[in-house]
Amino acid sequence: MEKLKGATVVSHGITQQLCERIATRWLNGIAETNPAILAVFSDRDVRPYRDLLAWSGEFAGKYLTGAYFVWRQTGDEQLKAYVLNFIERLLKLQDSDGYFGCFSRATRFTGALPQTPDKRPWTWDLWGNYHIAFGLLLWHKAVGEERYFRAVEKLAELVRSSFYGEKENIVAAGCSEMNLAVYHLFGILYNATGEKKYFEFMRNIEEDMQRPESGNWLELLASGGRFCDSSKPRWESLHILMGFKEAYAATGDKKYLTALSRAVKSIFETDVHNTGGFSTHERAIGTPYENGTIETCCVVAFDALVLELYKLTGEPSLIDFLERAHYNAAMGAVSPSGAWATYDTPMEGEKFANFHGCDFQSRPGGPMLNCCSVNFPRGVAESEEWSVAEDEAGIYLNGFEPKEISREGLRLKIESNYPAENRILIFCEAEGEKKKIFLRIPDWSKNTRLVVNGEIRSVRSGEYVRLPQNCKAEFFPDFSVRFEKGGEDYSEKYSIFRGPVLFAWDVSFNPDFSDRNGGTGFTTAERLNELNLPVLRFSDFERAEYLKEEGKIEMILPGGAVLVDFFHAGETGGLYKTWLSVQ
13 MEKLKGATVV
23 SHGITQQLCE
33 RIATRWLNGI
43 AETNPAILAV
53 FSDRDVRPYR
63 DLLAWSGEFA
73 GKYLTGAYFV
83 WRQTGDEQLK
93 AYVLNFIERL
103 LKLQDSDGYF
113 GCFSRATRFT
123 GALPQTPDKR
133 PWTWDLWGNY
143 HIAFGLLLWH
153 KAVGEERYFR
163 AVEKLAELVR
173 SSFYGEKENI
183 VAAGCSEMNL
193 AVYHLFGILY
203 NATGEKKYFE
213 FMRNIEEDMQ
223 RPESGNWLEL
233 LASGGRFCDS
243 SKPRWESLHI
253 LMGFKEAYAA
263 TGDKKYLTAL
273 SRAVKSIFET
283 DVHNTGGFST
293 HERAIGTPYE
303 NGTIETCCVV
313 AFDALVLELY
323 KLTGEPSLID
333 FLERAHYNAA
343 MGAVSPSGAW
353 ATYDTPMEGE
363 KFANFHGCDF
373 QSRPGGPMLN
383 CCSVNFPRGV
393 AESEEWSVAE
403 DEAGIYLNGF
413 EPKEISREGL
423 RLKIESNYPA
433 ENRILIFCEA
443 EGEKKKIFLR
453 IPDWSKNTRL
463 VVNGEIRSVR
473 SGEYVRLPQN
483 CKAEFFPDFS
493 VRFEKGGEDY
503 SEKYSIFRGP
513 VLFAWDVSFN
523 PDFSDRNGGT
533 GFTTAERLNE
543 LNLPVLRFSD
553 FERAEYLKEE
563 GKIEMILPGG
573 AVLVDFFHAG
583 ETGGLYKTWL
593 SVQ
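Here the sequence shown stands for residues 13 to 595, where the numbers follow the working numbering.
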C-alpha cells in the first residue's frame, strides 16, 4: 500500500490551507531566521565549541523531512526551490569522511561532548545523522538527484567503519533508543540497493538491541509483549521499530511484521489519549488517562509508525486512528496561523508554543529551533500519504477533504467541507483505470448513508466498499455525537466526538459562565482546579447547533454552553478541557 503514483493531486481543504501557512510562515527562510540550523555543522571543530544539545544535529534533517511532506501536500514550488538550495548548503558541510553531525572530530559517534571528551554517554550523534540521511533520501526520491543518495551512502560507510567487528558496538555510545535509529536507515538502503553489507549491519544492530543497556524491542514484541513494558519505552525508539518494516520487506520473515504490528496495537491499547496523541512524559507508561506531557515529536513518530504498518497490511482501522490523530493531536498541536506548534498538547490545560514549552533548547542563532518546531510540519502533512492510497489491486479513498485527482485513465473529484460537515460528493471517471476504486467507511460511522448513481447502497462500518469505475456518489458518514467514557481519574467523565473531531470546553468561548469559576490561581494546574463547568446533559447534544467558519467548528448547546473543535481549542491562550461531566 502506497501513496497514489503518477497522479496530479490538487487539494483544497483545511489541511491544505494549514500546510500553505506552515510553508509561508515557518519553513521558507528557516536558515535566515535560525542560521544555527546549518552553522552547527560548519562550526563543529571551531573553538571555543558551541553549547550544543545532545540532539542539535537533528534539526536540519527533521526540517528536510517536514518540508518534503508539506511540499507533497501543497505543490509549493517556492518551498521546493528553497529546500533544494538548503540541501546544497548542507551538502557542502558534510565532512570528507561522510560525517553529517555537529560534534568535533575527536568526539563524533563517541557519545561525548567536545568540551568533555572523557564524559560519556550523552550525545545522540547517530540519531542526528539518521534524520539528515532520511530527509535526503526523501528528496532524492522526489527530484532524482543522485548526489543526495551518494551523500547518504558515504555517511553509511562511515557508520559501518566506526562500529562492530573489532570496534565498539553502538549501544556503547549510549542513548541506545536514539542512536540505534540508523537501523531504519540501513534497512532503506538495503532495499534500495540490495547490497548485503547494509543488511549485515542491520543484523549487528539486532544483536545490539538485546544488550542490557538497550530495549530488546524485536524479541519482546515478536513474542507478544507490550511496548510500554520494554526497558526503553521512549518515543525515539519508534524510529528503530520503523526498521522492522524494511526488514520484513527484505526477508519476508513474519517475525518483523509481528513485532511491528504488536508495537502499534499494544500502544493503541495502553498509551493513546483521547486526542489520538501518543505518549505521556515522552514515553509509553501503560495508561492514556494521565494528563501528562503529550509531546508533538511523539505524535509525529507514532503516526509515521502506524503509516508503515498500514503500507504492509492495508487495514482500514489504522486509517481510522490516523484520521483521529490528524485532526486532533497533529493539527491540534499547531497554531491555525501555521507559524508555530506546541511541545506539549495536553488533554486539558493550555497550548504553549514550543519555544516557550521547551525553551531550554533555544540557542544563539537558533531561537526557534527545537525538536518539535522542526518536526510538526511532518505531523500535519504526512496525512497526504494515506489520504488516497493504492496497491496492486485497488485505489483507496481514505480521506474526505476536497481534492481533484487525475492521471491517465482516471479522474476523481471530492467535494466537501469535511470534517466540519458530513456531505461528501465523489465523482469518478475511471474507464481507463484497471484498478478497482474503494471508499473507506470509518468504524465510527455506524449509520452511514451512501448513494451511488442514485441507488442507496448498504454498507458496514470499518470496511472498504467498492465504487463503480464511473459514478457519482453521495456519502454521508454518521455525524451523530459520540461519547467515549474515560477511565481512572476520568472514569466519570466523557470525551465528546462528532465524526473524527474531538470537542473541548474552552473558557475563551464561554465567558458567560466565568462567574462559576475561581480566580486566584496562577499555574495551569491551579487554574484548572478552579474551573466549575455547568451541568451538561446527553439530551442537550441532540439539539446542538453548529457554527462553522474558516475551518473552526463550534458546537452550541441549549443554555449557551459552547464546545470547540480541538484544533482551535486553546488557540487564544484560553484554558480548555476535553474530559467533561455529562449527565
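Idealized CB from N, CA, C, for every residue including glycine.
Quick check: the segment 377-394 against the segment 64-72, are at least 3 beta-carbon pairs closer than 8 Å? yes
Evaluate F372 with the Cβ neighbour count: other Cβ atoms within 10 Å of its Cβ, from every protein chain shown; 16 or more gives buried, anything less gives exposed. Along the sequence shown, read from residue 1 onward, the residue named residue 372 stands at position 360. Exposed: under 16 other Cβ atoms inside 10 Å.
Quickly, what does DSSP pair T451 with across the bridge? List them, please. As a working mapping, residue 451 is identified with position 439 in the sequence shown. The question names Thr, yet the displayed sequence has Leu at residue 451. L409, V477, per the DSSP bridge assignment.
Could you tell me the boundaries of the beta strand (DSSP E) in which F488 lies? The residue given as residue 488 occupies position 476 in the sequence shown. Looking at the DSSP string, the run of the beta strand (DSSP E) that includes F488 is 482-488.
Quick check on the DSSP output: the alpha helix (DSSP H) that includes D315 runs from which residue to which? Within the sequence shown, residue 315 is the residue found at index 303, counting from 1. 308-325 is the span of the alpha helix (DSSP H), which, as asked, contains D315.
Apart from the five residues on each side of it in sequence, which residues of its chain come closer than 7 Å, Cβ to Cβ, to F146? By 1-based counting over the sequence shown, the position of residue 146 is 134. Excluding positions up to five away in sequence, the list reads G73, T77, L197.
Taking its Cβ as the centre, do 16 or more other Cβ atoms sit within 10 Å of F364, making it buried, or is it exposed? Within the sequence shown, numbered from 1, the residue matching residue 364 stands at position 352. Its Cβ being crowded by 16 or more others within 10 Å, F364 is buried.
With three or more beta-carbon pairs closer than 8 Å as the criterion, would you say the segment 123-136 touches the segment 187-196? yes
Terminal residues of the continuous beta strand (DSSP E) containing E219? Within the sequence shown, numbered from 1, the residue matching residue 219 stands at position 207. Note, E219: premise wrong, no beta strand (DSSP E); alpha helix (DSSP H) at 208-221.
Hey, would you say L96 sits closer than 7 Å to F53, going by beta carbons? On the sequence shown, residue 96 is found 84 positions in, with the first residue counted as 1. On the sequence shown, residue 53 is found 41 positions in, with the first residue counted as 1. The answer is no: Cβ separation not under 7 Å.
Complete alpha helix (DSSP H) runs within the segment 56-130 (minimum length 4 residues, chain order): 71-86, 89-103
Measuring straight from C-alpha to C-alpha, what distance separates A43 and V386? For the purposes of this step, residue 43 is identified with residue 31 of the sequence shown, where counting begins at 1. For the purposes of this step, residue 386 is identified with residue 374 of the sequence shown, where counting begins at 1. Roughly 12 Å separates the two Cα atoms.
So for T287, helix, strand or coil by DSSP? The residue given as residue 287 occupies position 275 in the sequence shown. Coil, per DSSP.
To the nearest angstrom, how far is it from the Cα of F313 to the Cα of G466? Taking the first residue of the sequence shown as 1, we reach residue 313 at position 301. Taking the first residue of the sequence shown as 1, we reach residue 466 at position 454. Residue identity check: residue 313 is Ala in the sequence provided, not Phe. In a straight line, the C-alpha of A313 is about 42 Å away from that of G466.
Since A353 and A345 should fall inside the 8 Å C-beta cutoff, what is the C-beta to C-beta distance between them, to a whole number of angstroms? Here residue 353 refers to the residue found at position 341 when the sequence shown is read from its first residue. Here residue 345 refers to the residue found at position 333 when the sequence shown is read from its first residue. The pair is a contact, with the Cβ atoms about 5 Å apart (cut-off 8 Å).
Cβ-based burial, V513 [other Cβ within 10 Å; buried from 16]: One-based indexing of the sequence shown puts residue 513 at position 501. Buried, since its Cβ has 16 or more Cβ neighbours within 10 Å.
Counting along the chain, where does the alpha helix (DSSP H) carrying D552 start and finish? In the sequence shown, counting from the first residue as 1, residue 552 sits at position 540. Per DSSP, D552 belongs to the alpha helix (DSSP H) from 550-554.
Between K166 and G110, what straight-line distance do the alpha-carbon atoms span, to the nearest angstrom? Working through the sequence shown from its first residue, we reach residue 166 at position 154. Working through the sequence shown from its first residue, we reach residue 110 at position 98. For K166 and G110, the distance between alpha carbons rounds to 5 Å.
For F439 and K497, I'd like the C-alpha separation in whole angstroms. If you number the sequence shown from 1, residue 439 lands on position 427. If you number the sequence shown from 1, residue 497 lands on position 485. The alpha-carbon atoms of F439 and K497 are separated by roughly 38 Å.
Measure the alpha-carbon distance for S174 versus E404 and round it to whole angstroms. Here residue 174 refers to the residue found at position 162 when the sequence shown is read from its first residue. Here residue 404 refers to the residue found at position 392 when the sequence shown is read from its first residue. Cα to Cα, the separation comes out at about 41 Å.
Cα-Cα separation between V22 and G586, rounded to whole angstroms: As a working mapping, residue 22 is identified with position 10 in the sequence shown. As a working mapping, residue 586 is identified with position 574 in the sequence shown. Roughly 35 Å between the two C-alpha positions.
Grab the span of the beta strand (DSSP E) containing R528 for me, first residue to last. Here the question's residue 528 lines up with position 516 in the sequence shown. Counting along the chain, R528 falls outside any beta strand (DSSP E), and DSSP gives it neither H nor E.
At least one CB of chain C closer than 7 Å to the CB of L149: is that the case? The structure shown contains no chain C; it is built from a single protein chain.
Three-state secondary structure (DSSP) at C187? As a first step, residue 187 is located in the sequence shown; it is residue number 175 there, counting from the start. It is coil, neither helix nor strand.
Looking at V82: is its Cβ nearer than 7 Å to the Cβ of A393? As a working mapping, residue 82 is identified with position 70 in the sequence shown. As a working mapping, residue 393 is identified with position 381 in the sequence shown. In this structure, A393 lies closer than 7 Å to V82 by Cβ.
For S1, the three-state DSSP class (helix, strand or coil): Outside the shown range of the chain, which is 13 to 595, sits residue 1, and nothing can be said about it.
What separation, rounded to the nearest whole angstrom, lies between the Cα atoms of H91 and H143? Here residue 91 is taken as the residue at index 79 of the sequence shown, counted from 1. Here residue 143 is taken as the residue at index 131 of the sequence shown, counted from 1. Going by the sequence as given, residue 91 is Leu instead of His. If I take the Cα positions, the gap works out to 20 Å.
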